[in-house]
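So the number in my numbering is just where the residue sits in the sequence shown, counting from 1, plus 14.
For every residue, glycine included, the Cβ atom is placed at its ideal position computed from N, Cα and C.
To start, the structure under review is shown below, and the notes come after it.
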Amino acid sequence: MNVSRKAVISSWAEKLLLTSPEAADAMSISQRTLFSLTKSGEIPCVRVGRSVRYCADDLRNWIERQKQGVHSK
């Protein structure tokens, strides 16, 4: 299968796991806020060795929970 370099380098939206800067950028929050949410257990993370990664689906689920909280008040 001949895959071009552009096809291999996918955008953050297509990745399964995001780095901290990518996740914070995708959510339009600071890395510090992301780390606080992770530390409090609100957003789960995946540890790969010493690196921290975020599952795109977990971020989407957290965003959906935040929307539901706004509508339920």
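Notebook entry, point to check: Given Val66, which residues of its chain have a CB within under 7 Å of its CB, disregarding the five upstream and five downstream residues?
Noted result: The residue given as residue 66 occupies position 52 in the sequence shown. If we look at Val66 and ignore the five residues flanking it on each side, its Cβ neighbours are Ser34 and Cys59.
Next item on the list: Starting from the N-terminal side, write out each stretch of the alpha helix (DSSP H) that is 4 residues or longer and does not extend beyond the stretch 47 to 76.
Entry: Correct list: empty.
Notebook entry, point to check: Apart from the five residues on each side of it in sequence, which residues of its chain come closer than 6 Å, Cβ to Cβ, to Ile57?
Noted result: For the purposes of this step, residue 57 is taken as the residue at position 43 of the sequence shown. Result list for Ile57: Leu51 and Trp76, in chain order.
Checklist line | Contact set for Ala37: own chain, Cβ-Cβ below 7 Å, skip 5 residues either direction | finding: Stepping through the sequence shown from its first residue, residue 37 is reached at position 23. For Ala37, the CB contacts under 7 Å within the same chain, skipping 5 residues up- and downstream, are Leu48, Tyr68 and Leu73 in chain order.
Note to self: Can you list, in chain order, the residues of its chain with a C-beta nearer than 7 Å to that of Asp39? Leave out the 5 residues immediately preceding and following it.
What the structure shows: Here residue 39 refers to the residue found at position 25 of the sequence shown. Taken in chain order, the list of residues that qualify is empty.
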